[in-house]
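Numbering (the numbering used here), first residue to last: 6 to 390.
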């Protein structure tokens, strides 16, 4: 339940519906508000997607009321790490209401995000095949599986020493610093348990849907199916279902590493427009993600737009010559689809894997030189970069 996962999920639902399938998105009350207008608007074009709402057990799991997706959790403030644990507990509590819904509707198939590992067993109770939706590339899936299986990162002497990921179709080298925490941590945590359960659930599921296309990464699509033995379908780029300007304008990605970008913009002495998904505080205090006095110093030189950037719409414009991206898969695939060369600035998750695909396999971008996986926000990111 992250916005970056919900965006392609909605696109995928619209894609299914446009092919004549009866399609229903199962979500929670506040998450439904993020895309309900898009769903309603598409009904005017004969693309009918239903919504079924499940109550999210925020209070029961010890979460603040209204906390229904990970974007509402700030890890470095107010016990954020503890809230992540509670959030994972809350998502697992959705299994029972989902099973009641499956029993009532008995669909032909259940497509569930990789981070709902219990969905495979829930669907199996009613003889329903479960497909896992991965919000990443075949390349990243192959890299993840080879690292988990062969543990090459444990055979180097330091966190900065490169290691070869074995048996991949290309020669790919990484360092331990570039691996997701869940893959390099020795101690078992709630997140490592979730990732392990997700991989096990994937192997028991009917198959995997990947937001990619064969021509982009044929060697890795074949490797995933034939060498790793997984049943998988490439159905992307799902964002192409958004043909209209209004649909494209609804899509966006939260800005990150904001303090560092602000410092760089000021130091560049260039004019700029900066779109940031942050609302201005009601309080008079300076916003924490901006250096003190930044807007006053930048008056007449730069403009900050608070809200969602219509990324697909912007990338499609002929005036855009390149794309600086954090290498989240949605953004990476949107940049590829728009035919834009990329400057890569990976931060976390599987973004260093995606950077390798862009720079070394596809050769359509260059990196800014980030060497280390970092956490989400604030001083920690600033210090690491």
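Glycine is no exception: its CB is placed at the ideal position from the N, C-alpha and C atoms.
When secondary structure is reduced to three states using DSSP, residue 311 falls in the strand class. The alpha carbon of residue 239 has as its nearest neighbour, out of 40, 166 and 144, the alpha carbon of 144.
Contact between the segment 308–324 and the segment 216–230 is not established, with fewer than three Cβ pairs separated by less than 8 Å. In terms of Cβ geometry, residue 171 and residue 180 do not form a close pair [threshold 8 Å]. With a 10 Å radius around the Cβ and a threshold of 16 neighbouring Cβ atoms, residue 273 comes out exposed.
Residues 164, 165, 376, 377 and 378 of the same chain have their beta carbon placed closer than 8 Å to that of residue 182, with the five preceding and five following residues left out of the count. Taking a cut-off of 8 Å for Cβ pairs, the segment 146–153 and the segment 118–136 do not touch, as fewer than three such pairs fall below it.
Taking the CA atoms as reference points, residue 208 sits about 13 Å from residue 138. Excluding five sequence positions before and after residue 102, the CB atoms of its chain that fall closer than 8 Å to its own CB belong to 59 and 60, given in chain order. Boundaries for residue 173: no beta strand (DSSP E) harbours it, and the DSSP string shows neither H nor E there. Contact between residue 16 and residue 217 does not hold, since their C-beta atoms are separated by about 13 Å, which reaches or exceeds 8 Å. Nearest Cα to residue 114 within the set 158, 358, 53 and 18: 18. C-alpha of residue 231 to C-alpha of residue 214: approximately 16 Å in a straight line.
Taking a C-beta distance under 8 Å as the contact criterion, residue 327 and residue 346 qualify as a contact pair. In terms of Cα proximity to residue 305, the closest of 96, 275, 108 and 54 is 275. The count of Cβ pairs closer than 8 Å, one atom from the segment 20–29 and one from the segment 45–55, reaches three, so the stretches are in contact. Residue 57 has its alpha-carbon roughly 42 Å from the corresponding atom of residue 365. In the displayed model, residue 350 falls within coil according to three-state DSSP, outside both helix and strand.
For residue 16, the enclosing alpha helix (DSSP H) covers residues 8–23.
In this structure, residue 120 lies near residue 203, with their beta-carbon atoms less than 8 Å apart. When 277, 342, 124 and 352 are compared, the shortest CA-CA separation from residue 309 is found for 277. Beta-bridge analysis with DSSP links residue 58 to 32.
Counting every other CB atom within 10 Å of its CB across the protein chains shown gives residue 340 a total of 16 or more, marking it as buried.
Around the beta carbon of residue 219, fewer than 16 other beta carbons sit within 10 angstroms, so the residue counts as exposed. Taking the Cα positions, residue 39 is about 14 Å away from residue 75. Looking at the backbone, the Cα of residue 268 and that of residue 109 are separated by about 54 Å. In the same chain as residue 234, and ignoring 5 residues on each side of it, no C-beta atom comes closer than 8 Å to its own. Checking the DSSP bridge columns, you'll see residue 330 partnered with 349.
For residue 265 and residue 134, the gap between their C-alpha atoms comes out near 45 Å.
Restricting attention to alpha helix (DSSP H) runs no shorter than 4 residues, the segment 186–267 encloses them at 186–189, 195–209, 223–227 and 250–254, ordered along the chain. Residue 281 and residue 132 have their alpha carbons spaced roughly 45 Å apart. In its chain, beyond the 5 residues on either side, 115, 127, 128, 130, 131 and 133 have a beta carbon closer than 8 Å to the beta carbon of residue 107. Annotation note: the segment 126–168 contains the following uninterrupted alpha helix (DSSP H) runs of length 4 or greater, listed N- to C-terminal: 143–155. The secondary-structure analysis by DSSP pairs residue 277 across a beta bridge with 307.
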